[in-house]
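Here's the structure we're looking at; comments come further down.
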Amino acid sequence: MAMATTMTMTTGSMALHHAALANPLFCASPALPPLRLAAGTPGAASTAVLRGEPLALRREARGAGFRRFAKFRQFSQDGTDETAVEEGGVEDAAAEEEDDAEQILPQNLETAMIHAGEAAGLYINSGGTRVIAELLVPELENLNEDGAQQRVWDLSRLFLDTLQETLGDQRVKAIFPDAGVAAFVKYQWKDVPYVFGSLNDRRPVSNEDEVVVLLTPDHQGLPDVERINTTLAGDDDTPARPMVMLNPRLVSGDVGIGLNVRRMRERLLR
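According to full-length UniProt numbering, the sequence shown is numbered sequentially starting from 1.
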């Protein structure tokens, strides 16, 4: 089972995000091994959610464009280079590529989240079944600080809205760490096209759920995450269903790292 993991960097103090978009490697066959794209590469993109004007942000993100770049050299049949490089052309090309890279990278956290949601949706539409979108934002790592959780859920909504728009009519289920958070967010988010659930539910995933998104699952919910992953893996009669983990926090000093994490990874990739 292939898992695509991607990371992208924003140009502010709040940055690092990931979700690979416009890179052809991201849309790989499910039979390929897990993929990882380095932060800041043109093939990487991330996404975020704003309360204000998500549609305007999406247009801005798409306006920046997920463009691909390639360098071509023309060679004659005898192997000699036919392209003459004028004086100063190399420097001009390097400066142009640097400007293009700055246009591709998201300029803020919200735009990065939009990129991530669209990237995840395009990967799923291409046949992928496992996606991790991770936002490495230092000020949001401690969810016990005032306003941190609200900020995380606002960003999560932008990710979900963009993902749902990219997936079209596919039924998306957003699963939160516990029932209290799920109820609170469901009360705040009116008229959203996706459904809600929590890791505490007796049946967090139903047969009608086509794409499942786990929002900030922590190490305490690891057994439930593995159970959901097994349910979505399918069998000989049932095809695998996509699962997305947004900013997972499955590793901590309480459960240990090293061997425990490697075993957890093996179980999730089965």
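By construction, the Cβ of each residue, glycine as well, lies at the ideal position given by its N, Cα and C atoms. Here the structure is a predicted model, which is why all the values come from computation and not from measurement.
Buried or exposed (CB count within 10 angstroms, at least 16 for buried), residue i
i, result
"D209", "buried"
"R67", "With a pLDDT of 39 at R67, under the threshold of 50, the modelled position of this residue cannot be trusted; read the value that follows with caution. Exposed: under 16 other Cβ atoms inside 10 Å."
"A183", "exposed"
"G168", "exposed"
"V142", "For the sequence presented, residue 142 should be read as Asn rather than Val. By the 10 Å Cβ count, N142 comes out exposed."
"E118", "buried"
"R203", "exposed"
"Y187", "exposed"
"N144", "exposed"
"N229", "buried"
"F26", "Low local confidence applies: a pLDDT of 38 at F26 is under 50, so the model's placement there is unreliable, and no value is given."
"T238", "exposed"
Cross-strand partners of residue i (DSSP beta bridge)
i, result
"G197", "I175"
"L246", "A133 and L215"
Beta-carbon proximity list for residue i, same chain, < 6 angstroms, skipping 5 on both sides
i, result
"V185", "W153"
"I124", "P242"
"D224", "L199"
"D178", "S198 and N200"
"G234", "A240"
Option in the options with minimal Cα separation from residue i
i, options, result
"F176", "E145, D237, Q220 and R241", "Q220"
"V192", "A179, F159 and D224", "F159"
"residue 300", "E145, Q149, T129 and G180", "Residue 300 is absent from the structure shown; the chain starts at 1 and stops at 270."
"E226", "D237, F196 and E266", "E266"
"L199", "D218, Q188 and N207", "D218"
"D201", "D235, K173 and E145", "K173"
"V213", "Y194, T230 and N207", "Y194"
"L215", "N207, V181 and L122", "V181"
Helix, strand or coil at residue i [DSSP, three-state]
i, result
"L136", "coil"
"R130", "strand"
"W153", "helix"
"K190", "coil"
"Q220", "helix"
"V205", "coil"
"A182", "helix"
"V225", "helix"
Closer than 8 angstroms to chain D by CB, residue i
i, result
"E165", "The structure shown contains no chain D; it holds only a single protein chain."
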